[in-house]
Amino acid sequence: MSAYQNEFEQAKNDPQAFWETQAKAIEWYKFPKTILHKDENGIDRWYADGELNTCFLALDYHVLNGRADQVALIYDSPVTDQKQQYTYKQLTNEVSRTAGMLAEMGVVKGDRVIIYMPMIPEAAIAMLACARLGAVHSVVFGGFAANELAIRIEDAEPKVIMAASCGVEVQKIIPYMPMVNQAIMDSRWKPEKVIVYQRSQCPAELNASPLVDDRDVDWSAQLALSKPHDCVPVKATDPLYVLYTSGTTGKPKGVVRENGGHAVAMKYSMSTIYDAKPGEVYWAASDVGWVVGHSYIVYAPLIHGCTTVLYEGKPVRTPDPAAFWRVCQEYGVNILFSAPTAFRAIKKEDPEGELIKQYPMPELRTIFMAGERLDPPTLAWVEEKTQRPVVDHWWQTETGWAISGNPLGLQQFPQKPGSSAKPTPGFDVQILDEIGEPVEANKQGFIVIKRPLPPGCLATVWRNHDRFQSGYLTQFPGYYVSGDGGYIDEDGYLFVMGRIDDVINVAGHRLSTGEMEEILGGHNDVAECAVIGAHDDLKGQIPFGFVVLKDGHYSVDGNIEKELLQKVRDEIGAVASFRNVMIVNRLPKTRSGKVLRRTIKQVADGDQYVIPSTIDDPTSLTEIENAFNPL
């Protein structure tokens, strides 16, 4: 039996023994006696009676065990022309004082803290400071609009918000505090304090919002007065963070990540999947607002004793498509991880890969990609131009780490373009048909994971356990339903073909078309609408809206279309890439009134399709066909 097969079978046949062994790889205050049990809701929970602290594992442990002077965090910001490095000792000191600042404001174990910041060291420091206190952080991507932030404030009910005064893009500066103020004003929940890190590019006016007196606090001034704070022991099942992911109803779901299982999974994944060694340089070119940033910019590399890179820039135009290669060369990056859309952008601007030749990158060993489907042409281009192996692996916000991939720490499988290789040990991936029966090899169906899920996966949805049950566990009892469709071939390789629900993937960001439809439908002139994710060579998918106007309402010189585009931008943010909206006379529907979104998407993508027999009016597709296939 191969190394991979042996480990996979152990995790499948005796998960308790397998994950007890993996738990010994991290330092516990109290090692768990109960490895796996079912809680009162029948949900599998890991290490229930164990006690630990995630910040201790990421920082203090290494200071105490010989890595105090090793670089822990590299900050590289081409958009501000700033660079900074923190050793493990320096980062521990910054985090402990930041935790002290939060404690002085009344933050204790179990309190929530929302972090609304760009890719600056203070974002990671804020996350780790919350973990140090046992407070639950919820990072909100700085590109989200006030409405999205307000929804998360209402759901998480934070005692404190930690924000930066602005974000810096390639050609613009985005003030954050006006959005924070608007979000708080729109939310029924009001945080006690807002700690603002002032950036020189656009300092914020504090306490500028109406009805605010001494709510806002200057981060740097307050930190100077704060004392260090020790790590607070927490239970393994206490939440580390809540991260919101798009839901099919338009209301984001708060994925709850627990401390114990998360730490064990992060440590295990760094060696098993990425084959990373302590002391190596690991760079996940993502954002801390997304799950990749949580797992592989902040927690996993630091828990494993690596040096992690925090990059405030883009793959192109900061200043050119050699940005990634420059960072890899300058810091001796061993492992690079980003979304396929980043490499498609690089390929678009440097199709022959001429700039890659300027950077030998001798330490770069492997390139990993995830976040969306890795199309074979992008895979082939990156491997050819970099002369490095590319590993496609598949995972979700809900799982927090890879469901499938090429487990380089165990053995390297031959690559099959279009496949994310084989299920990771701990994930018993199966393909089921509509009635829950297993399908044969190479036949598409629902991708599910047999329970128990391994450590590190979500245990519930914040404040809405019924939504967790109905959204992931009810459809096929005994299984977690991924929401993706695909198949497993005769060699055990998994092929993920796309979402089953209406969540689309725009440049690695999961966004709800249902939420976009709700926004479009809120316009006074709109009678009904539909949004689908159309294929895009650069971003993977882009949203495309179809709108039916109320009788007697007309668009003059495209004014309604412009208003709709702006409305989505204002309420979701530029991250949605919502730039296409079309006014039609009617939407294609079934006789029962269901909009034929799948058929519309097939038209948009240029796929072959059969007009459904249930369609109410076959001519309703004509307008859409003409829009995508003009004569």
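Letter 360 of the sequence shown, counting from 1, is numbered 360 in full-length UniProt numbering, and no numbers are missing. The beta-carbon is built from N, C-alpha and C at its ideal position, and this holds for glycine as well.
Just grab the DSSP bridge partners of alanine 58 for me. For alanine 58, which the question treats as bridged, DSSP gives no partner whatsoever.
Is the separation between the beta-carbon of cysteine 529 and that of valine 506 shorter than 8 Å? no
What separation, rounded to the nearest whole angstrom, lies between the Cα atoms of glutamate 94 and tyrosine 116? Approximately 19 Å, taken between the alpha carbons.
Residue environment, tyrosine 29, which counts as buried when at least 16 other CB atoms sit within 10 Å: exposed
Close beta carbons around valine 292, own chain, < 6 Å, minus the five adjacent residues each side: Ala284 and Ser286
At least 3 beta-carbon pairs within less than 8 Å: the region 373 to 385 vs the region 453 to 466: no
Report yes if the C-beta distance between aspartate 489 and alanine 421 is below 8 Å; otherwise report no. no
Specify, as a first and last residue, the run of the alpha helix (DSSP H) that residue 638 falls within. A query on residue 638 cannot be resolved here, the shown segment of the chain reaching from 1 to 631 and no further.
Sequence-distant residues of the same chain with beta carbon closer than 7 Å to threonine 249, five excluded per side: Confidence at threonine 249 is low in this model, with a pLDDT of 48, below 50, so its placement is unreliable and the value that follows should be read with caution. Hits under 7 Å: Gly514.
Environment of aspartate 537 [buried if 16+ CB atoms lie within 10 Å]: In summary, aspartate 537 is exposed, with fewer than 16 beta-carbon neighbours lying within 10 Å of its beta-carbon over all protein chains present.
For the region 61 to 80 against the region 144 to 161, do three or more pairs of beta-carbon atoms, one drawn from each stretch, fall closer than 8 Å, so that the two count as touching? no
Cutoff 7 Å; reference arginine 45; Cβ partners in own chain excluding five residues on either side: Here the set comprises His37, Asp39, Thr237 and Ala459.
Name the DSSP beta bridge partners of residue 686, please? Examination of residue 686 is not possible in this model, given that the chain is present from 1 through 631 alone.
Please go through the same chain and pick out, in chain order, the residues whose beta-carbon is closer than 8 Å to the beta-carbon of alanine 145, but skip the five residues on each side of it. Met179, Arg569, Asp570, Glu571, Ile572 and Gly573
Does the distance from the CB of leucine 379 to the CB of proline 423 come in under 8 Å? no
First and last residue of the beta strand (DSSP E) that includes glutamine 358? Glutamine 358 -> no beta strand (DSSP E), and no H or E assigned at all.
If you reduce the DSSP assignment to three classes, tell me which class glutamine 475 lands in. coil
Contact check, valine 79 vs valine 168 under 8 Å by CB: the rounded distance? 5 Å
Return the chain-ordered list of same chain residues with a C-beta closer than 6 Å to the C-beta of phenylalanine 343, the five sequence neighbours on each side being excluded. Thr378 and Val382
Might you give, ordered along the chain, the residues of its own chain that have their beta carbon closer than 7 Å to the beta carbon of glycine 353, omitting 5 neighbours on each side? Lys385
Quick check: residue 703 and aspartate 60, are their CB atoms within less than 8 Å of each other? The first residue shown for the chain is 1 and the last is 631, placing residue 703 beyond what the model contains.
Assuming leucine 52 and glycine 260 make a contact with CB atoms under 8 Å, what is their CB distance in whole Å? 6 Å
Roughly how many angstroms lie between the CA atoms of lysine 253 and glycine 471, to the nearest whole one? 10 Å
Specify the secondary structure class of asparagine 505 as computed by DSSP and reduced to three states. strand
7 Å Cβ shell around glutamine 412 - same chain, five flanking residues per side excluded: The answer, listed in chain order, is Asn406.
Does DSSP put threonine 92 in a helix, a strand or coil? helix
Through-space distance from glutamine 222 to tyrosine 480, alpha-carbon basis: 45 Å
Using only CA atoms, which one of Lys567, Leu408, Phe324 and Gln171 lies nearest to serine 269? Leu408
For serine 77, which residues does DSSP report across the bridge? Gln82
Exposed unless 16 or more other CB atoms sit within 10 angstroms - verdict on alanine 392: According to the sequence shown, residue 392 is aspartate rather than alanine. Answer is buried; the Cβ neighbour count reaches 16.
Report yes if the CB atom of isoleucine 449 is closer than 8 Å to the CB atom of phenylalanine 427, and no otherwise. yes
What span of residues does the alpha helix (DSSP H) with tryptophan 381 cover, start to end? 376 to 386
Under a three-way DSSP split, which group does threonine 248 fall into? Legend: pLDDT at threonine 248 = 46, less than 50; position of this residue unreliable, value from coordinates given subsequently. In the structure shown, threonine 248 sits in coil (DSSP, three-state: anything other than H, G, I, E or B).
Going by beta carbon distance, what residues of the same chain come within less than 8 Å of lysine 235, once the five residues before and after it are set aside? So the list reads Ala48, Asp49, Gly50, Glu51, Asn259 and Gly260, once near-sequence residues are dropped.
What residue range is occupied by the uninterrupted alpha helix (DSSP H) comprising methionine 270? 259 to 272
May I have the straight-line CA-CA distance separating glycine 512 from lysine 539, to the nearest angstrom? For the sequence presented, residue 512 should be read as serine rather than glycine. Cα-Cα distance, rounded: 16 Å.
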